[in-house]
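Asker:
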Amino acid sequence: MRNDPSVLHVDLDAFFAAVEQRDKPSLRGKPVVVGGIGVRGVVSTASYEARRYGVRSAMSTAEARSRCPHAAYLGPRFEVYRETSRAVMAEMRALSPLVEPLSVDEAFVDLSASGLTGLTVDDVRAIADDLKAAIRKVSGGLTASVGAGTSKLIAKIASELDKPDGVVVVPAGTEAEFLAPMQVTVIPGVGPATAQRLSMAGVRTVADLQQLDEDELIRQVGSAHGTSLHRLAVAADDRPVVSDRETKSVSVEDTFETDLIDRALLTAIGDRMAHRVAERLQKAQLSGRTVTVKTRMHDFTTHTRSSTLAGPTDDARVIARVARRLLEESEIGGGIRLLGVGVSSLADWIQDDLFTEDEHAANPIEVVELPSRRRDQRGFHPGQDVEHSGHGRGWVWGSGRGRVTVRFETADTPPGPVRTFSVDDPALTKVQHTGADADGGPETDHNGSGD
DNA sequence: TCTGGGGTCCTAGGACCC
DNA sequence: TCTGGGGTCCTAGGACCC
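If you count the first sequence from 1, position 235 lands on 1203 in our numbering, and the numbers rise without skipping.
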């Protein structure tokens, strides 16, 4: 797609295990497995020493233990990994402003965004070697594998080919022949289910895929997947490297050591999950309209139930109430092994420019959780119509932390400003409707329902 | 010895509106 | 009275990724 291999894919080798070996010298050179330690744990990362015994990511820890009993089994330390990740990502950003993290241990870097053009294979290899050295230095000795090519697809696949601590640069113009002999499963997005369907159509390698008619491919795997696969098979990939991808959902889930049947206990756990989701939303200055409860049954079948609010919220009590109702409607049957609570349909909670210093002073952020009755007294909730003596009619866009955010617009007026007030602001009043659908949507009255 | 937790994207059907 | 599509939103489930 480009005429030089200016897209890098950087992948830290056995990241979690490597960090543990870095911090505990006694583990160096030995098999290390990081992941869930409990009876239902799975492996996140196995060091290369442990991989020799057949230990793999996503394998149950129990199976890993039977394959490699003498390995060190460690629970993850996410804060430490995040910290190391930040330092590594900073090295990439020093190389180019256009860096797209895919996870804590992986990112694309677009060299063209740093003004470098006409890069040869040797140029890119030298840049990759320098970057690896910088990463090693800043991370306390971690190694990375780097792939480079004219697109994300090629860079990503190339980084897998010489792990660990490798560099593979695919020359421009050789992409289709580079891919042709490989299994279709090297293409990101082709997992077991797609591979199975393709194999029934006689497709096992990318070369097979290159021969397959697009319409036939779409019949096999669906419209979106088929269309993109048809292009990726011939390395036609013009997806840009994007540095700031927006969060689409925030969720918390937990698998229990034994299946749970007690609804009161599940309700209490769900409440706590709702609070954790709300905390993370608030930290990210996000709010969302759709609350989802996820349950996984003893037989591993998974169900979700969701409900969409009239307006976005980051209020733990609102999320908890909706989650409670959804959980009440969920079957528990012979017990559930996993419960989750999530929020999606996210909106920016409050943009920085909405707050002047004066507004900060006038609407102090409540750090302490307010007594619930105090907030319930006014009962503002997303979607509710309100009136402000100074700004006129609007509706509640979000609420939480002792504040109410109002969009000043109605069905009859054009969009106005978005402003945030204290819940106690006497200038702000609820608009009482006389019609049947007082507050619009079905989810609009739990804040004042007093349960 | 059964299968984590955090996400993203897609599909499909029904409701509802024009 | 019957018969239409198209578009959007919501819900549920599934595939996939690290």
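Idealized CB from N, CA, C, for every residue including glycine.
Out of Met1265, Phe1046 and Glu1221, which has the shortest C-alpha to C-alpha gap to Gly1302?
Answerer: The candidate whose alpha carbon is nearest that of Gly1302 is Met1265.
Asker: Rounded to the nearest angstrom, how far is the Cβ of Lys1124 from that of His977, given a contact under 8 Å?
Answerer: Confirmed, about 5 Å.
Asker: Report the start-end ranges of each beta strand (DSSP E) in the region 1135-1177 that is 3 residues or longer and not cut off at the edges.
Answerer: Correct list: 1135-1137.
Asker: Compare the beta carbon distance of Pro1132 and Ser1113 with 8 Å and say whether it is the shorter of the two.
Answerer: Going by C-beta atoms, Pro1132 is nearer than 8 Å to Ser1113.
Asker: Could you round the C-beta distance between Val1259 and Leu1295 to whole angstroms and report it? I think they count as a contact, below 8 Å.
Answerer: With 8 Å as the limit, Val1259 and Leu1295 do not qualify as a contact, their Cβ atoms being about 11 Å apart.
Asker: Are the CB atoms of Val1245 and Val1218 nearer to each other than 8 Å?
Answerer: Yes, the Cβ-Cβ distance between Val1245 and Val1218 is below 8 Å.
Asker: If you run the structure through DSSP and keep just helix, strand and coil, what is Thr1029?
Answerer: Reduced to three states, the DSSP call for Thr1029 is helix.
Asker: Can you list, in chain order, the stretches of the beta strand (DSSP E) that have 3 or more residues and sit fully within the region 1247-1272?
Answerer: Correct list: 1254-1265.
Asker: Our contact map puts Pro1069 next to Gly1003 with C-beta atoms below 8 Å; I'd like the distance itself, whole angstroms only.
Answerer: In fact, because the Cβ distance is near 22 Å, the residues do not count as touching under 8 Å.
Asker: Can you list, in chain order, the residues of its chain with a C-beta nearer than 7 Å to that of Ser1313? Leave out the 5 residues immediately preceding and following it.
Answerer: Counting only Cβ-Cβ distances below 7 Å, and skipping sequence neighbours, we find Gly1256, Arg1257, Thr1258 and Thr1276.
Asker: Which term fits Gly1310, buried or exposed, when burial requires 16 or more other beta carbons within 10 angstroms of its beta carbon?
Answerer: Buried.
Asker: My output table needs one value for Pro1194: the three-state DSSP class, helix, strand or coil.
Answerer: According to the sequence as given, residue 1194 is Gly; it is not Pro. Reduced to three states, the DSSP call for Gly1194 is helix.
Asker: I'd like the span of the beta strand (DSSP E) that includes Ile1304, first residue to last.
Answerer: Unbroken beta strand (DSSP E) run through Ile1304: Ile1304 to Asp1316.
Asker: Which residues share a DSSP beta bridge with Tyr1041?
Answerer: Tyr1041 pairs with Val1001.
Asker: Jot down the residue ranges of each uninterrupted alpha helix (DSSP H) in the region 1066-1120, minimum 4 residues, whole runs only, in chain order.
Answerer: Taking only runs of at least 4 residues, the alpha helix (DSSP H) segments lying wholly in the region 1066-1120 are 1089-1107.
Asker: How many Å lie between Gly997 and Glu1017 at the Cα?
Answerer: Gly997 and Glu1017: Cα-Cα distance of roughly 7 Å.
Asker: Nearest CA to the CA of Ala1055: which residue from Leu1185, Leu1110, Tyr1021 and Arg1019?
Answerer: When each option's Cα is compared against that of Ala1055, the closest is Leu1110.
Asker: So the candidates are Val1210, Phe983 and Ser1191; which of them puts its Cα closest to the Cα of Glu1051?
Answerer: Glu1051 has its Cα closest to that of Phe983, out of Val1210, Phe983 and Ser1191.
Asker: Hey, is the region 1207-1225 in contact with the region 1139-1148, meaning 3+ C-beta pairs nearer than 8 Å?
Answerer: As far as the Cβ criterion goes, the region 1207-1225 does not touch the region 1139-1148, which means the pair count is below three.
Asker: In angstroms with no decimal places, state the Cα-to-Cα distance between Pro1280 and Ala1315.
Answerer: Spanning the two alpha carbons is a distance of roughly 7 Å.
Asker: Who are the near neighbours of Thr1173 in its chain, counting only those whose CB is closer than 8 Å to its CB and skipping five residues on each side?
Answerer: Same-chain partners within the cutoff: Ala1148, Pro1149, Met1150, Gln1151 and Val1152.
Asker: Quick one: what does DSSP say Thr1423 is sitting in, helix, strand or coil?
Answerer: Residue 1423 is absent from the structure shown; the chain starts at 969 and stops at 1419.
Asker: Can you tell me which of Asp1282, Asp1181, Ala1252 and Gly1308 puts its alpha carbon nearest to the alpha carbon of Arg1273?
Answerer: Comparing Cα positions, the closest option is Gly1308.
Asker: For Ser1167, count neighbouring Cβ atoms within 10 angstroms of its own Cβ and tell me buried if that reaches 16, exposed if not.
Answerer: By the neighbour-count rule (16 or more Cβ atoms within 10 Å), Ser1167 is not buried but exposed.
Asker: With H, G and I counted as helix, E and B as strand and the rest as coil, what does DSSP make of Arg1361?
Answerer: Arg1361: strand per DSSP, three-state reduction.
Asker: In whole angstroms, what is the alpha-carbon distance linking Ile1229 and Leu1180?
Answerer: The straight-line gap from Cα to Cα measures roughly 50 Å.
Asker: Given that a residue counts as buried once 16 or more other Cβ atoms are within 10 Å of its Cβ, and exposed if not, what is Glu1299?
Answerer: So Glu1299 counts as exposed.
Asker: Ile1304 and Thr1263 look like a contact to me (Cβ under 8 Å); what is the Cβ gap, rounded to whole Å?
Answerer: Indeed they touch by this definition, with Cβ atoms about 5 Å apart.
Asker: Rounded to a whole number of angstroms, what is the C-alpha to C-alpha distance between Leu1087 and Phe1076?
Answerer: Roughly 17 Å separates the two Cα atoms.
Asker: Answer with buried or exposed for Asp1282, where buried requires no fewer than 16 other C-beta atoms within 10 angstroms of its C-beta.
Answerer: With 16 or more Cβ atoms within 10 Å of its Cβ, Asp1282 is classed as buried.
Asker: Could you pull out every residue in the same chain whose Cβ sits closer than 6 Å to the Cβ of Asn971, ignoring the five residues on either side in sequence?
Answerer: Contacts found: Ala1140.
Asker: Excluding the 5 residues flanking Val1092 on each side, which residues of the same chain have their C-beta closer than 6 Å to its C-beta?
Answerer: For Val1092, where only same-chain residues beyond five positions count, the Cβ hits under 6 Å are Pro973, Ala1116 and Val1137.
Asker: Less than 8 Å between the C-beta atoms of Thr1162 and His1198, yes or no?
Answerer: In this structure, His1198 does not lie closer than 8 Å to Thr1162 by Cβ.
Asker: Taking 7 Å as the line, does the beta carbon of Ala1101 fall inside it for any heavy atom of the ligand SAH?
Answerer: As for the ligand SAH, it is missing from this structure, which has no ligand bound.
Asker: Short of 7 Å in beta carbon distance, which residues of its chain neighbour Met1057, apart from the five on each side in sequence? Order them along the chain.
Answerer: Excluding positions up to five away in sequence, the list reads Val1067, Pro1069 and Ala1075.
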